[in-house]
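Asker:
Residue numbers (my numbering): 3 to 420.
1. Using three-state DSSP, classify residue 236 as helix, strand or coil.
2. Kindly provide the ranges of any beta strand (DSSP E) runs that are 3 or more residues long and lie completely inside the region 98 to 147, ordered along the chain.
3. By Cβ distance below 7 Å, which residues in the same chain neighbour residue 211 in space, the five residues on each side in sequence not counted?
4. If I'm right that residue 256 touches residue 397 with Cβ under 8 Å, what's the distance once you round it to whole angstroms?
5. What is the DSSP secondary structure of residue 387, reduced to helix, strand or coil?
6. So what's residue 39 in DSSP terms, helix, strand or just coil?
7. If I'm right that residue 360 touches residue 294 with Cβ under 8 Å, what's the distance once you round it to whole angstroms?
8. Can you grab the Cα-Cα spacing for the pair residue 133 / residue 87, in whole Å?
9. Taking Cβ to Cβ, would you say residue 90 is nearer than 9 Å to residue 140?
10. With burial defined as no fewer than 16 other Cβ atoms inside 10 Å of the residue's Cβ, what is the status of residue 130: buried or exposed?
11. Taking the alpha-carbon of residue 192 as reference, which of 173, 246, 221, 148 has the nearest alpha-carbon?
12. Assuming residue 181 is part of the alpha helix (DSSP H), what are its boundary residues?
13. For my contact list, residue 124 and residue 205 are in at a C-beta cut-off of 8 Å; report their separation, rounded to the angstrom.
14. Suppose contacts are defined by Cβ-Cβ distances below 9 Å. Is residue 265 in contact with residue 387 by that definition?
15. For a quick check, are the C-beta atoms of residue 201 and residue 149 less than 9 Å apart?
16. Determine the direct distance from the alpha carbon of residue 203 to that of residue 195, and round the result to whole angstroms.
17. I need the straight-line Cα distance from residue 83 to residue 146, nearest angstrom please.
18. Is it a yes or a no for the region 214 to 222 touching the region 158 to 174, going by three-plus beta-carbon pairs under 8 Å?
19. Looking at residue 357 and residue 41, is the spacing between their C-beta atoms short of 9 Å?
20. Between which two residues does the alpha helix (DSSP H) containing residue 258 stretch?
21. When you compare only the Cα positions, how much space is there between residue 39 and residue 355?
22. When DSSP labels each residue in this structure, what does residue 267 get in the three-state scheme?
23. Hey, quick one: how far does the alpha helix (DSSP H) through residue 273 stretch, first residue to last?
24. Quick check on this structure: which residue in 349, 406, 393 has the alpha carbon closest to the alpha carbon of residue 106?
25. Between residue 172 and residue 179, what straight-line distance do the alpha-carbon atoms span, to the nearest angstrom?
26. Which whole-angstrom value is the C-beta distance of residue 259 and residue 394, which I expect to be below 8 Å?
27. My output table needs one value for residue 347: the three-state DSSP class, helix, strand or coil.
28. Report the rounded CA-to-CA distance for residue 401 versus residue 96, giving the unit in angstroms.
29. Evaluate residue 127 with the Cβ neighbour count: other Cβ atoms within 10 Å of its Cβ, from every protein chain shown; 16 or more gives buried, anything less gives exposed.
30. Where residue 85 and residue 120 are concerned, what is the direct C-alpha to C-alpha distance, given to the nearest angstrom?
31. Within 10 angstroms of the Cβ of residue 415, are there 16 or more other Cβ atoms? Answer buried if so, exposed if not.
32. How should residue 181 be labelled, buried or exposed, when 16 other C-beta atoms within 10 angstroms of its C-beta is the threshold for buried?
33. Let me make sure I understand the geometry here. Which of 52, 35, 242 has the alpha-carbon closest to that of residue 280?
34. Measure the C-alpha to C-alpha separation of residue 176 and residue 115 and round it to an integer number of angstroms.
35. Is the beta carbon of residue 198 less than 9 Å from the beta carbon of residue 226?
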């Protein structure tokens with residue numbers, strides 16, 4: 003009976019993987035990217051579980067009340083505590099995966115790409131065990147995740163900025179053959195700009211009560227005007243209105259989520275409101291998902307692998323390029339040769355390292371930076387209730403500076419390739 007149950011679980015896990023991977027293969031996803039996509043959905047499944055626990059943990063985990071040690075009446079502490087425990091478990095899980103793939107051996111690739119049922123029960127059991135860890139430990143972990151999340155938001159912005167430049171270059175390169183690509187780029191830029199404008203207007207409507215809010219809302223507007231001028235001055239060849247509009251949208255998002263985290267009822271209409279917490283979580287998950295997908299489809303290889311692989315591929319092309327069929331076979335063999343040099347690519351190692359930081363960031367994202375509002379009941383997990391607000395504002399300023407620097411850097415350092 004146990005054997006049948008185990009086989010059933012394995013088959014179910016395989017079916018779930020096929021459901022996720024088949025659409026990705028149809029879209030042309032690289033084989034090595036499929037396992038990364040699997041980790042993204044696997045992680046988001048546990049995030050969904052955490053999100054549900056945020057609002058239901060009081061009833062589910064009453065047995066762990068002595069260990070969680072919530073104050074009297076602090077019912078949202080239960081959900082917050084469950085989130086931090088799940089974040090900690092996911093962090094440990096991806097650290098384990100990172101250590102396993104680091105040697106880049108065949109057994110590393112086997113465990114990285116498979117064993118999903120084992121991974122599921124590993125996380126589930128570790129999560130339950132974590133409820134015997136005192137809550138004071140996770141308060142310390144909360145401060146740790148607060149610091150890590152600051153750097154994560156900046157890196158997330160850099161990844162999105164890099165995607166914008168890459169997409170812009172690809173569309174412009176194709177526009178030489180078909181003007182439709184250029185039109186599409188202009189349309190995308192206009193859509194992003196309109197969304198940002200609507201968002202800015204709504205921010206003025208929501209947060210106009212305090213003059214400091216109005217100043218913070220105006221910062222992205224001034225930033226956009228300066229960047230548009232620099233784009234027209236051609237300070238950077240591959241900068242465009244599209245890249246500026248995309249970065250403006252990210253900055254407007256940071257402004258909104260910062261103001262929605264402001265711990266004053268007069269300046270923040272979302273203060274102690276359920277929908278404020280839910281909206282911030284949803285928007286945060288969208289940007290995080292976008293960042294993970296970008297990294298999952300990255301095919302960057304290490305220098306140690308790249309040179310060796312290229313030499314093999316050149317030799318194979320020289321020997322077997324007599325016909326189109328042979329060339330196709332060469333490409334297939336080349337892919338196999340490339341995979342056999344190192345079963346685990348460098349991009350996979352980088353991806354798993356990034357997943358460690360994403361897991362830590364979940365603790366802040368889902369708990370509204372340690373101050374969730376559940377059924378209009380607010381529980382302050384941190385002493386400094388302004389921490390989340392200032393972290394997001396500083397991230398906004400840093401991203402403004404980074405994008406402006408990316409626009410003027412080619413003029414300041416003309417000898418470097420940008």
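Yeah, the Cβ is synthetic: ideal placement off N, Cα and C, and Gly gets one too.
Quick caveat: nothing in here was measured; it's all calculated off a predicted structure.
Answerer: Here's the rundown:
1. coil
2. none
3. 268, 269
4. 6 Å
5. coil
6. helix
7. 7 Å
8. 7 Å
9. yes
10. exposed
11. 246
12. 181 to 209
13. At roughly 43 Å, the Cβ-Cβ gap does not stay under 8 Å, so residue 124 and residue 205 are not in contact.
14. yes
15. no
16. 12 Å
17. 15 Å
18. no
19. yes
20. 243 to 261
21. 15 Å
22. coil
23. Looking at the DSSP string, residue 273 is not in any alpha helix (DSSP H), and its letter there is neither H nor E.
24. 349
25. 12 Å
26. 6 Å
27. coil
28. 28 Å
29. exposed
30. 22 Å
31. exposed
32. exposed
33. 52
34. 35 Å
35. yes
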